[in-house]
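As structure tokens, the structure follows; a few thoughts come after it.
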Amino acid sequence: MGFFLETLFGGLMAGMLYSLIALGFVLIYKASGVFNFAQGAMVLFAALAMARFAEWFPKWFGFESLLLANLLAFIAAMALMVVLAWAIERLCLSKLVNQEGITLLMATLGIAYFLDGFGQTLFGSDIYSINVGMPKDPAFILEGMFEGGVMVSKEDLVAAVIAALLVVVLALFFQKTKTGRALRAVADDHQAAQSIGIPLNKIWVIVWSVAGFAALIAGIIWGSKLGVQFTLSLVALKALPVVILGGLTSVPGAIIGGLIIGVGEKLSEIYIGPMLGGGIEIWFAYVLALGFLLVRPQGLFGEKIIDRV
Amino acid sequence: MDMNDINSAASAAAGPGRRFGEVILDLQNISLRFGGVKALTDISFNVREHEIRSIIGPNGAGKSSMLNVINGVYHPQEGKILHHGQERKRLEPYMAARQGIARTFQNIALFKGMSVLDNIMTGRNLKMKSNILQMALYWGAAQKEEIAHREKVEEVIDFLEIQDVRKTPVGQLPYGLQKRVELGRALAAEPSMLLLDEPMAGMNVEEKQDMCRFILDVNDQFGTTIVLIEHDMGVVMDISDRVVVLDYGKKIGDGAPDEVRNNEDVIRAYLGTSH
Amino acid sequence: MLYRENGQFKTSYAADQQIFPILQDRWAIGLLLLAAFVAMPMLGSEYFFRAILIPFLILALAALGLNILVGYCGQISLGTGAFMAVGAYAAYNFMVRIDGMPLIGAMLLGGLSATVIGVLFGIPSLRIKGLYLAVATLAAQFFTDWAFLRIGWFTNNSTSGSVSVGNLSVFGIALDSPVSKYLFCLSVVCVFALMAKNLTRSAIGRQWMAIRDMDVAAAVIGIRPVYAKLTAFAVSSFIVGVAGVLWAFVHLGAWEPAAFSIDRSFQLLFMVIIGGLGSISGAFLGAAFMVLLPVVLDQMPHWLGIPISTATVSHLVHMIFGALIVFFLIVEPHGLAKLWSVGKQKMRLWPFPH
């Protein structure tokens with residue numbers, strides 16, 4: 001039982017991070033109808049920027065404080081993500097308005113490829129570490145109930161708290177601010193939003209920036225846990241089944257989908273994996289999402305799709 | 001030649017009593033809902049063989065939904081549909097096509113990436129019997145079949161007078177011609193019943209005249225039954241045999257053009273109520 | 001001035017429906033085939049065959065298969081690598097498990113196995129579209145990656161996870177030299193390209209395009225979406241599977257699942273986009289471009305005398321491909337093939353465009 005709970009917690013933590021990446025997908029899909037395949041590349045790009053800036057700034061400006069280095073690196077990386085959002089809107093999205101979803105999807109694949117190459121050209125392609133002072137030692141909880149208690153990683157706990165905070169902040173941003181309302185208006189109907197004077201281009205830049213912000217947070221958490229390297233871009237592919245499961249247009253869906261997939265992956269690896277030869281984590285999420293698609297194409301919380309003639 | 005000449009010529013050619021064959025399509029108490037929204041409520045009407053049957057009504061009256069019910073795009077929650085006297089089970093659009101029902105759309109639904117010729121050739125699709133392997137080899141039977149159908153399609157192209165654009169991608173054609181190509185695609189299937197959803201919307205007078213001529217010719221030469229949605233009352237009243245009027249998803253009038261024209265409910269629906 | 005169709009009147013529909021209705025095109029393609037089959041084997045170097053021509057031909061074949069699905073039928077696939085892998089591993093198993101299985105037999109059986117798996121993963125396309133389908137095909141990709149790595153039966157329980165074939169021969173002719181391998185691939189590719197072209201200009205091709213352009217209207221004129229989509233998946237996966245067999249057997253000789261990873265799937269999709277969606281020649285142009293660009297970029301530092309590391313070159317290749325994808329999607333969705341036909345159109349009118 002203790003082991004089961006450990007696995008469960010491990011899955012929830014991993015799931016929280018999937019949710020974080022999935023959140024970026026959902027934001028962009030809601031506001032621009034683009035299925036952003038480049039979200040993974042954005043995570044890698046942001047994490048690379050963060051790791052390298054934190055390494056470079058102390059050298060360039062001659063200071064030693066880790067806190068200051070991280071802070072400056074965070075600001076610089078965020079600024080970079082905003083510039084990126086602007087460039088993507090300017091050079092790509094604005095020219096593909098009213099194209100079919102499949103074309104936009106392929107365009108974001110192109111963006112993903114470009115970012116992978118660009119990021120590694122700028123920042124290098126080794127494995128880098130991000131040290132933002134996350135606790136590395138494990139903690140034991142529920143010691144009264146089980147012998148030896150249940151081991152959880154403090155780092156995971158901190159990460160989960162940050163992720164949860166981010167979700168709350170984004171929800172507040174969407175519900176309470178003027179920009180948030182404009183974003184929701186755009187999500188509902190592009191043309192109607194434009195006709196009441198909401199500037200579409202600006203909104204898209206904001207949404208992509210927010211998605212960039214989510215990518216940066218996800219990148220920092222993943223990066224400090226596993227190191228910043230190319231595979232980060234592939235880990236983000238896990239977020240696709242998450243959004244399918246949760247529904248493309250639903251923020252809570254992204255969170256719950258992420259948790260389900262995180263937990264399902266870990267539990268199935270432990271309890272079903274050995275029967276199949278192990279390593280089923282690679283496809284479990286996708287096959288789960290595929291099965292789900294056949295039963296309920298709009299996902300858990302998505303809106304039903306109706307074709308009109 | 002103005003519109004009246006065409007029409008009087010056509011109806012003279014048709015003569016009284018030639019039309020109005022058997023009832024081939026009988027819709028009984030059709031109701032259609034989308035979620036909580038009622039698109040059609042308890043509508044009954046029938047279509048006779050060879051006639052031109054128009055459906056009119058203000059925007060949002062449910063006219064297009066009606067056509068979508070007839071050819072299986074939408075499935076009504078209630079009601080019966082009798083086709084050639086047989087009650088029809090749940091039917092998908094491609095099955096309706098097999099039963100000889102063809103149609104055009106309100107917003108042009110051509111295959112944008114294909115030429116005029118290929119678009120109309122798709123209309124022959126149901127009649128082509130080669131299998132994939134024969135087509136891959138494009139030898140003997142498959143090629144002969146392709147050429148035989150090409151000849152049929154060229155007849156349609158001649159009929160609609162679009163010979164000069166046959167190799168043009170449809171996306172590059174002006175609106176009026178696109179509508180004509182869409183009619184051609186439907187005709188290529190040699191349908192027994194043709195559903196036309198606003199075939200003359202957005203056309204100028206000359207284009208409308210041409211389109212009227214095509215519709216009357218199709219009806220006359222091939223005996224095709226036509227169900228027509230059109231906003232131009234002049235056209236509807238001139239070429240229809242019978243007219244059904246919808247408003248807010250309900251039937252408010254049905255009969256010959258003259259009866260409908262004088263129906264009080266219809267007048268009210270179009271002109272608004274006076275108090 | 002030379003490229004004119006004046007005076008070439010078509011007197012039958014058969015003549016009008018040929019693949020190359022213009023006389024000069026028929027000459028050009030004849031010369032091209034002559035060059036490929038006769039001149040090239042005499043002139044090409046071993047490196048040229050092994051590193052450029054053979055990969056080009058096989059990838060062009062795979063791109064051709066993918067283009068039927070994506071370009072003609074409008075169904076996206078991010079799992080092309082998986083279907084290549086199915087072809088390769090199935091053919092391998094037919095070879096090792098059945099004595100005296102000829103190469104061509106194994107190749108076709110490999111293609112058929114890919115067809116079965118392709119149709120299986122195509123079934124979701126009946127309910128889901130576009131973006132969602134991308135996820136279904138990715139599921140195929142990750143699942144096959146795993147299956148060929150973890151399930152020992154597929155690799156004949158090879159301990160290293162890598163499998164190999166040797167002593168290939170076709171009709172008694174040994175495929176032991178680069179030239180013979182090249183000629184074999186070239187022949188296979190020509191046959192499949194011709195058949196694919198025939199399909200796309202027949203009724204089935206029009207059904208695919210109709211589904212791509214407007215599926216509701218297609219259904220209304222009597223095209224069964226189920227049939228059109230699944231045949232596109234079947235034909236596409238068959239060709240892709242055969243390409244997988246060639247890639248594994250003829251090009252690599254020994255391989256492991258990584259040869260058919262998701263990178264391969266993306267690479268093929270990019271070929272199709274850059275070459276031209278919905279065009280047979282586009283698959284060839286796209287493949288040529290994707291194969292040649294890294295080679296050229298690799299050589300560039302030598303020519304210019306600037307030292308660039310191999311890693312940087314591979315990043316540059318990524319960037320250029322990424323940028324080009326976006327560029328082509330924005331400027332010319334029909335890719336190089338369209339640019340080519342626009343060029344030909346201009347040629348017909350040159351030098352008097354009005």
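Sequences listed follow chains G, Y and F, in order.
Note that full-length UniProt numbering has the first sequence beginning at 1, numbered continuously upward.
Note that full-length UniProt numbering has the second sequence beginning at 1, numbered continuously upward.
Note that full-length UniProt numbering has the third sequence beginning at 1, numbered continuously upward.
From the three backbone atoms N, C-alpha and C, an ideal C-beta is built for every residue, glycine too.
These numbers were taken from a predicted model, which means no experiment stands behind them.
{"query": "DSSP three-state assignment for residue 305/Y, whether helix, strand or coil", "result": "The shown model of chain Y, from 1 to 275, leaves out residue 305/Y, and the question about it has no answer."}
{"query": "Under 8 Å between C-beta atoms of Ala136/Y and Asn67/F", "result": "no"}
{"query": "Segments assigned alpha helix (DSSP H), at least 4 residues, entirely inside the segment 60-128 of chain F", "result": "80-97 and 103-122"}
{"query": "Contact list for the segment 145-173 of chain Y against chain F, Cβ threshold 7 Å", "result": "Glu146, Ile147, Arg150 and Glu151"}
{"query": "Selection of the segment 226-260 of chain F by Cβ proximity to chain Y, strictly under 8 Å", "result": "Thr231 and Val235"}
{"query": "Residues that DSSP places opposite His83/Y in a beta bridge", "result": "Leu25/Y and Gln86/Y"}
{"query": "Beta-bridge partners of Thr174/F, as assigned by DSSP", "result": "Reading off the sequence shown, one finds Ala at residue 174/F, where the question assumed Thr. Answer by DSSP bridge pairing, in chain order: Ser169/F."}
{"query": "Distance CB(Gly277/G)-CB(Ile151/F) smaller than 8 Å", "result": "yes"}
{"query": "Chain-order list of residues whose beta-carbon lies under 8 Å from that of Ile52/F (same chain, five-residue window excluded)", "result": "Val291, Leu292 and Val295"}
{"query": "Span of the beta strand (DSSP E), counted from its first residue to its last, around Lys238/G", "result": "That residue, Lys238/G, is in no beta strand (DSSP E); it is neither H nor E in DSSP."}
{"query": "Alpha-carbon spacing of Gly249/Y relative to Ala61/Y, whole angstroms", "result": "5 Å"}
{"query": "Distance CB(Leu72/G)-CB(Phe53/G) smaller than 8 Å", "result": "yes"}
{"query": "Of the listed residues Gln77/Y, Gly72/Y and Gln28/Y, nearest to Gly36/Y (C-alpha basis)", "result": "Gln77/Y"}
{"query": "Three-state secondary structure (DSSP) of Asp137/G", "result": "coil"}
{"query": "Same chain only: Cβ atoms within 7 Å of Val266/Y, ignoring 5 sequence neighbours per side", "result": "Val245, Ile252, Gly253 and Val260"}
{"query": "Straight-line Cα distance separating Met78/G from Lys202/G", "result": "17 Å"}
{"query": "Proximal residues of chain Y, C-beta to C-beta of Asn198/F below 7 Å", "result": "Met135, Ala136, Leu137 and Tyr138"}
{"query": "Three-state secondary structure assigned by DSSP to Lys208/Y", "result": "helix"}
{"query": "Under 8 Å between C-beta atoms of Ala193/F and Ile280/F", "result": "yes"}
{"query": "Within 8 Å, strictly: CB atoms of Ile55/Y and Met66/Y", "result": "yes"}
{"query": "Local Cβ density within 10 Å of Lys344/F, reported as buried at 16 or more and exposed below that", "result": "exposed"}
{"query": "Residue nearest to Phe118/G in terms of C-alpha spacing, selected from Ala323/F, Lys346/F and Phe328/F", "result": "Ala323/F"}
{"query": "Proximal residues of chain F, C-beta to C-beta of Pro274/G below 7 Å", "result": "Within 7 Å Cβ-Cβ: nothing; Pro274/G doesn't reach chain F, min ~11 Å."}
{"query": "8 Å Cβ cutoff, Ala337/F in contact with chain G", "result": "no"}
{"query": "is_contact[His334/F, chain G] using C-beta, thresh 8 Å", "result": "no"}
{"query": "Contacts that Trp146/F makes with chain G (C-beta to C-beta distance below 8 Å)", "result": "Gly279, Ile280, Ile282 and Trp283"}
{"query": "Cut-off 7 Å between Cβ atoms - residues of its own chain near Leu115/G, not counting five sequence neighbours on either side", "result": "Ala38, Ala41, Met42 and Phe45"}
{"query": "Under the three-state DSSP convention, the category Gly60/Y falls into", "result": "coil"}
{"query": "Cross-chain neighbours of Tyr94/Y in chain F, by beta carbon under 7 Å", "result": "Ala219, Gly222, Ile223 and Arg224"}
{"query": "Residues in the segment 291-317 of chain F having any Cβ partner in chain G nearer than 9 Å", "result": "Ala311, Thr312, Ser314, His315, Leu316 and Val317"}
{"query": "Terminal residues of the alpha helix (DSSP H) in which Gly322/F lies", "result": "Thr310 to Val331"}
{"query": "For Asn46/Y, the residue or residues it bridges with in DSSP", "result": "Asp26/Y"}
{"query": "Extent of the continuous alpha helix (DSSP H) run through Leu230/F", "result": "Pro225 to Leu246"}
{"query": "Helix, strand or coil at Gly202/Y according to DSSP, with G and I counted as helix", "result": "coil"}
{"query": "Residue ranges of each alpha helix (DSSP H) within the segment 32-62 of chain F, 4 or longer", "result": "40-43"}
{"query": "Bounding residues of the beta strand (DSSP E) (the contiguous stretch that carries Val250/F)", "result": "Where Val250/F is concerned, there is no enclosing beta strand (DSSP E), given that its DSSP letter is neither H nor E."}
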